[in-house]
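**Student:** Submitted below is the structure of interest, expressed as structure tokens.
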Amino acid sequence: MATTLKPVDAVLVGFGWTGAIMGQQLADEGLSVLALERGPWRDTPTDFAPTFAQDELRYMWRHHLFQNVSYDTLTIRNNTGQQALPMRRLGSFLLGTSVGSGGVHWNGQIWRFLPSDFLAKSHNQQRYGRKAVTDYDLTVQDWGVTYEELESSYDQFDQICGTTGKAGNLNGQIQPGGNPFEGPRSREYPNPPMPLTYAPALFGQAAAGLGYHPFTHPGGNMSRPYTNPLGCQMGECTYCGFCEKFGCGNYSKASPQTTILPYLMLKPNFILRTECEVLKVETTADRKRATGVTYVNSNGEEFFQPAELVILCAYVLQNVRLLLLSGIGAPYDPATGQGVVGRNYAYQTMSSVNVFFDDKILNPFIGAGAHASVIDEFNGDNFDHSGLGFIGGGYIAGMVTGGRPIEMIYAPQGTPAWGLAWKHAAARNYLRSFSISCHGSCMSHRGNYLDLDPTWRDTFGRPMLRMTFDFTDNELKMSQHLTDKAAQVAKAMSPREIKANPRKGPWSVVPYQTTHNTGGTMMGADPKTSVVNKYLQSWDVPNVFVMGAGAFPQNAGYNPTGTLAALAYYSANQIKSAYLKSPAPLVQA
Numbered sequence: 000m001a002t003t004l005k006p007v008d009a010v011l012v013g014f015g016w017t018g019a020i021m022g023q024q025l026a027d028e029g030l031s032v033l034a035l036e037r038g039p040w041r042d043t044p045t046d047f048a049p050t051f052a053q054d055e056l057r058y059m060w061r062h063h064l065f066q067n068v069s070y071d072t073l074t075i076r077n078n079t080g081q082q083a084l085p086m087r088r089l090g091s092f093l094l095g096t097s098v099g100s101g102g103v104h105w106n107g108q109i110w111r112f113l114p115s116d117f118l119a120k121s122h123n124q125q126r127y128g129r130k131a132v133t134d135y136d137l138t139v140q141d142w143g144v145t146y147e148e149l150e151s152s153y154d155q156f157d158q159i160c161g162t163t164g165k166a167g168n169l170n171g172q173i174q175p176g177g178n179p180f181e182g183p184r185s186r187e188y189p190n191p192p193m194p195l196t197y198a199p200a201l202f203g204q205a206a207a208g209l210g211y212h213p214f215t216h217p218g219g220n221m222s223r224p225y226t227n228p229l230g231c232q233m234g235e236c237t238y239c240g241f242c243e244k245f246g247c248g249n250y251s252k253a254s255p256q257t258t259i260l261p262y263l264m265l266k267p268n269f270i271l272r273t274e275c276e277v278l279k280v281e282t283t284a285d286r287k288r289a290t291g292v293t294y295v296n297s298n299g300e301e302f303f304q305p306a307e308l309v310i311l312c313a314y315v316l317q318n319v320r321l322l323l324l325s326g327i328g329a330p331y332d333p334a335t336g337q338g339v340v341g342r343n344y345a346y347q348t349m350s351s352v353n354v355f356f357d358d359k360i361l362n363p364f365i366g367a368g369a370h371a372s373v374i375d376e377f378n379g380d381n382f383d384h385s386g387l388g389f390i391g392g393g394y395i396a397g398m399v400t401g402g403r404p405i406e407m408i409y410a411p412q413g414t415p416a417w418g419l420a421w422k423h424a425a426a427r428n429y430l431r432s433f434s435i436s437c438h439g440s441c442m443s444h445r446g447n448y449l450d451l452d453p454t455w456r457d458t459f460g461r462p463m464l465r466m467t468f469d470f471t472d473n474e475l476k477m478s479q480h481l482t483d484k485a486a487q488v489a490k491a492m493s494p495r496e497i498k499a500n501p502r503k504g505p506w507s508v509v510p511y512q513t514t515h516n517t518g519g520t521m522m523g524a525d526p527k528t529s530v531v532n533k534y535l536q537s538w539d540v541p542n543v544f545v546m547g548a549g550a551f552p553q554n555a556g557y558n559p560t561g562t563l564a565a566l567a568y569y570s571a572n573q574i575k576s577a578y579l580k581s582p583a584p585l586v587q588a
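Residues in the sequence shown are numbered from 0 upward in steps of one, following numbering that gives the first Met the number 0.
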């Protein structure tokens with residue numbers, strides 16, 4: 000029997016980036032806000048101190064910051080003809096847990112999607128014809144919101160993070176040194192770009208020599224000390240090379256802990272409860288209104304938390320699962336194409352080119368999470384796709400995030416995977432090699448989706464989430480095209496040799512690729528093809544809002560954090576200005 004608690008105005012389920020953003024925005028509005036996080040509390044001096052934060056074995060390989068899959072996992076298959084089995088070890092993606100979640104262990108790569116990315120269906124149909132967005136059973140759709148509507152929300156996140164970079168488009172005027180393909184910005188980045196070390200600089204020189212327009216990667220690694228609008232202070236990055244999969248001990252990487260929590264945790268109308276697992280969103284009998292959430296704490300005690308607003312701020316996969324377990328929205332059926340919850344699951348299509356020199360010492364251990372020179376000529380629809388057989392694209396980056404000695408050993412083609420010859424190759428090439436990253440999009444597909452597994456259950460007896468996913472020909476052709484372009488830049492750097500690594504099918508959950516899972520709670524203008532409206536409000540239960548990259552109808556060729564954060568600010572602004580005055584659907588179906 001669950002114990003009923005005192006009601007609150009808003010309950011947040013999950014407390015990573017979007018939970019911190021919504022908590023700050025709603026608490027500042029005067030609402031009583033409760034956040035429930037299933038992981039433990041983590042802060043910089045206790046958990047990420049420089050004396051032990053750079054422990055690759057602990058954090059990368061033993062997954063100290065990530066979800067324990069022996070406690071909670073999901074099942075995986077490539078298609079409906081296979082039996083889905085539980086993911087017993089973290090691999091392709093690393094699910095965060097604890098306060099800050101993925102915002103703790105990310106690289107700090109902050110992007111804005113292209114204006115055309117938000118119009119993926121209509122834009123590509125208009126330019127390339129109807130088949131461009133229906134080939135390979137693609138289920139691409141427009142977002143229901145535009146870049147222009149989100150620009151001020153993108154800017155809000157930039158100011159909070161102290162994003163470093165150089166604008167390429169200021170109010171429609173192309174600026175030298177920035178990304179000439181980006182959408183118009185209302186103002187310059189808060190901080191200048193990070194200085195580049197040798198390898199990214201070599202990449203930029205080679206790319207410019209081929210006629211491309213290289214620019215420094217925008218990011219949340221500080222190029223100088225910064226104080227954000229909430230009064231939170233950050234220090235200059237030391238290029239330690241331990242961003243991705245690690246917490247930052249120098250207060251130099253934007254995270255909820257460094258940018259929002261020092262301000263938010265002092266507010267008397269905000270409460271955070273950790274190690275509390277939400278089991279279900281409770282609704283009225285007609286499922287037209289949420290009444291709160293049921294959760295269990297670390298002692299196994301069950302509680303019902305009444306709330307006027309329920310905001311799902313957990314990771315994509317957990318948000319989808321909670322909606323399915325709570326009976327909010329119609330589950331997607333790939334056989335009929337009907338239903339929406341779990342539809343349009345997508346990922347990121349990653350590939351690379353390893354570059355090896357004899358005459359250049361690159362010192363790859365001097366790195367940072369967003370430390371790169373980038374070209375964007377082959378992202379989105381920045382190039383003509385006619386006759387290529389795919390839509391989408393990605394950025395190409397000469398990137399040095401670090402030289403971690405277990406994870407980041409590059410050996411030439413033909414090197415044995417183990418033994419003395421491998422050791423000699425590793426020693427010879429460690430200081431003289433780096434990797435060019437190809438960060439590709441992933442279009443949504445009729446057969447890629449999320450649902451509840453009919454067989455496997457978790458420790459609470461609930462069905463596990465089941466993921467059905469594989470790369471389509473669209474993604475494989477795009478990856479080959481992108482990797483070929485990266486190889487051309489690599490060859491222009493005059494290396495001893497290169498090793499191209501295009502993405503090949505089928506998708507495997509075993510090797511790490513990226514933690515950029517998207518879709519399943521996608522946004523849109525039509526409740527028949529989307530779970531939430533443009534303000535991330537449920538079409539079915541209007542006092543439920545669903546944050547995160549699950550709102551993406553397909554995934555663009557950029558890291559998702561900047562856009563999911565912008566959507567959270569956009570939603571919060573509309574909740575404050577309209578919903579609280581008249582609690583009702585913000586968009587009429």
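Note that the Cβ used here is the ideal one computed from N, Cα and C, for glycine as well. In this text the structure is predicted, and so the values were computed from the model without any measurement.
My understanding is that VAL315 touches ALA564, with C-beta atoms under 8 Å, so please give their C-beta distance in whole angstroms.
**Tutor:** At roughly 14 Å, the Cβ-Cβ gap does not stay under 8 Å, so VAL315 and ALA564 are not in contact.
**Student:** Thinking just about the alpha-carbon of each residue, which of PHE14, LEU25 and ILE20 is nearest to the one in ALA34?
**Tutor:** PHE14
**Student:** Would you identify the three-state DSSP class for LEU451, choosing helix, strand or coil?
**Tutor:** Strand, per DSSP.
**Student:** Over the uninterrupted beta strand (DSSP E) stretch that includes ASN500, give me the two end residues.
**Tutor:** 496 to 500
**Student:** Please report the residue range of the beta strand (DSSP E) in which LEU271 lies.
**Tutor:** 269 to 273
**Student:** Are GLU187 and ALA205 touching if we call contact CB-CB under 8 Å?
**Tutor:** no
**Student:** Check for me: the beta strand (DSSP E) holding VAL374 runs from which residue to which?
**Tutor:** Rather than Val, the amino acid found at residue 374 in this sequence is Ile. Taken as a continuous stretch (DSSP letters only), the beta strand (DSSP E) holding ILE374 covers 371 to 374.
**Student:** What are the boundary residues of the alpha helix (DSSP H) that includes ALA485?
**Tutor:** 472 to 491
**Student:** Within the same chain, show all residues whose beta-carbon is closer than 8 Å to that of TRP506, passing over the 5 residues directly before and after it, in chain order.
**Tutor:** ASN77, SER91, TYR346, PHE468, ASP469 and PHE470
**Student:** Does the beta carbon of VAL488 fall short of 7 Å from some heavy atom of the ligand MN?
**Tutor:** Absence of the ligand MN from the depicted structure is noted, as is the absence of any ligand whatsoever, leaving it without description.
**Student:** Just tell me which of MET477, ARG57 and ALA426 has its CA closest to the CA of ASP357.
**Tutor:** ALA426
**Student:** On the DSSP letters alone, give me the boundaries of the beta strand (DSSP E) that TYR394 sits inside.
**Tutor:** 393 to 398
**Student:** Helix, strand or coil for HIS423? Go by DSSP, reduced to three states.
**Tutor:** helix
**Student:** Terminal residues of the continuous alpha helix (DSSP H) containing GLY379?
**Tutor:** For GLY379, there is no enclosing alpha helix (DSSP H), as DSSP gives it neither H nor E.
**Student:** Measuring CA to CA, which of GLN317, SER351 and GLY413 is closest to GLU462?
**Tutor:** For the sequence presented, residue 462 should be read as Pro rather than Glu. The option with the nearest alpha carbon to PRO462 is GLN317.
**Student:** Taking 8 Å as the cut-off, decide whether the C-beta atoms of MET59 and ARG272 are in contact.
**Tutor:** no
**Student:** Looking at MET221 and THR163, is the spacing between their C-beta atoms short of 8 Å?
**Tutor:** yes
**Student:** Spatial neighbours of THR96 within its chain, please: CB distance less than 6 Å, with the 5 preceding and 5 following residues excluded, ordered by chain position.
**Tutor:** GLY38 and GLN66
**Student:** Restricting to Cα atoms, I'd like to know which of SER350, ARG41 and ARG431 is closest to LEU475.
**Tutor:** SER350
**Student:** Any idea if HIS444 is buried or exposed, counting beta-carbon neighbours within 10 angstroms, 16 or more meaning buried?
**Tutor:** buried
**Student:** Express the C-alpha separation of THR133 and LEU311 in angstroms, rounding to a whole number.
**Tutor:** 31 Å
**Student:** Tell me the rounded alpha-carbon separation between ASN532 and TRP16.
**Tutor:** 21 Å
**Student:** If you follow the alpha helix (DSSP H) that ASN572 is in, where does it begin and where does it stop?
**Tutor:** 560 to 573
**Student:** In the DSSP assignment, what residue or residues form a beta bridge with SER350?
**Tutor:** CYS437
**Student:** Am I right that GLU307 and VAL295 are in contact with their C-beta atoms under 8 Å? What's the rounded C-beta distance?
**Tutor:** About 22 Å; that fails the 8 Å criterion.
**Student:** Output needed for SER100: all residues of its chain with C-beta closer than 6 Å, excluding positions within five of it in sequence on either side, in chain order.
**Tutor:** GLY15
**Student:** Are the beta-carbon atoms belonging to GLU235 and SER251 less than 8 Å from one another?
**Tutor:** When the beta-carbon positions are compared, GLU235 and SER251 come within less than 8 Å of each other.
**Student:** Let me check understanding here. Comparing Cα to Cα, which of GLY519, ALA284 and ASP46 lies closest to LEU321?
**Tutor:** GLY519
**Student:** Does the distance from the C-beta atom of ILE327 to that of SER537 stay below 8 Å?
**Tutor:** yes
**Student:** Output the boundary residues of the alpha helix (DSSP H) element that contains LEU25.
**Tutor:** 16 to 27
**Student:** In chain order, what residues of the same chain have a beta carbon less than 6 Å from the beta carbon of PRO191, not counting five sequence neighbours either side?
**Tutor:** SER222
**Student:** Taking the alpha carbon of TRP110 as the reference point, which residue from PRO582, THR560 and VAL10 has its own alpha carbon closest?
**Tutor:** Residue THR560 is the option with its Cα nearest to TRP110.
**Student:** Near SER385, what residues of its chain come up, given a Cβ to Cβ distance below 7 Å and the 5 sequence neighbours on each side ignored?
**Tutor:** Result list for SER385: TYR127, in chain order.
**Student:** For PHE202, which three-state DSSP category applies?
**Tutor:** helix
**Student:** Do you know how far the Cα of TYR429 is from the Cα of PRO415?
**Tutor:** 16 Å
**Student:** Taking buried to mean at least 16 other C-beta atoms within 10 Å of its own C-beta, is GLN587 buried or exposed?
**Tutor:** exposed
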